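*Asks:*
Residue numbers (the numbering used here): 463 to 614.
#1: Where do the N-terminal and C-terminal ends of the beta strand (DSSP E) with residue 588 fall, by residue?
#2: Please go through the same chain and pick out, in chain order, the residues whose beta-carbon is closer than 7 Å to the beta-carbon of residue 572, but skip the five residues on each side of it.
#3: With 16 as the cutoff for other CB atoms within 10 Å, does residue 520 come out buried or exposed?
#4: Under a three-way DSSP split, which group does residue 599 fall into?
#5: Rounded to whole angstroms, what is the Cα-Cα separation between residue 502 and residue 530?
#6: Counting along the chain, where does the beta strand (DSSP E) carrying residue 611 start and finish?
#7: So for residue 592, helix, strand or coil by DSSP?
#8: Quick check on the DSSP output: the beta strand (DSSP E) that includes residue 492 runs from which residue to which?
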């Protein structure tokens with residue numbers, strides 16, 4: 463009886479561990495979190511962006527600038543909307559994305575490139591168990607993907 467009880471408890475513990483692992487992976491398969499962005503040319507870490515979700519709508523704000531040649535008080539000089547001349551730290555660069563039903567993809571919003579002031583249609587796709595985020599920006603169907611890396 464003790465041997466049988468031991469086997470039952472071992473199986474129950476294994477099932478619990480697997481369930482917890484699946485829940486954690488599912489929770490991270492979201493764009494919500496803090497992400498490192500990278501410079502296209504140098505491939506160096508460029509900024510940290512905090513992505514949050516409020517009432518099903520995803521937004522992302524720059525929380526840190528990491529390149530040495532970018533001043534901490536830099537502003538979005540080339541922006542043409544309400545973000546014009548606003549500090550890049552604290553700037554909302556992701557607006558309005560929502561989750562596509564039955565998929566691990568968020569679309570329908572815009573992503574801003576502060577250096578150029580241009581906004582692009584947005585698609586966010588968590589990858590690598592939620593440790594990376596593909597950020598795809600496009601205009602008229604033409605675009606490019608950037609990969610951000612989760613900090614937390």
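Beta carbons: idealized from backbone N, C-alpha and C, even for Gly.
Keep in mind it's a predicted model, so treat the numbers as computed, not measured.
*Replies:* Quick answer:
#1: By one-based count along the chain shown, residue 588 stands at place 126. Residue 588 -> beta strand (DSSP E) spans 580–589.
#2: To locate residue 572, count along the chain shown from 1; it is residue 110. Closer than 7 Å at the Cβ level, and outside the excluded window around residue 572, lie 557, 558, 581, 582, 583 and 584.
#3: As a working mapping, residue 520 is identified with position 58 in the chain shown. Residue 520 comes out buried.
#4: Along the chain shown, read from residue 1 onward, the residue named residue 599 stands at position 137. Note: residue 599 maps to strand in three-state DSSP.
#5: Position 40 of the chain shown, counted from the start, is the residue given in the question as residue 502. Position 68 of the chain shown, counted from the start, is the residue given in the question as residue 530. Residue 502 and residue 530: Cα-Cα distance of roughly 15 Å.
#6: By one-based count along the chain shown, residue 611 stands at place 149. Here the beta strand (DSSP E) through residue 611 covers 604–612.
#7: For the purposes of this step, residue 592 is taken as residue 130 along the chain shown, with counting starting at 1. Here residue 592 sits in helix by DSSP.
#8: Indexing the chain shown from 1 puts residue 492 at position 30. Run containing residue 492: none; DSSP gives neither H nor E here.
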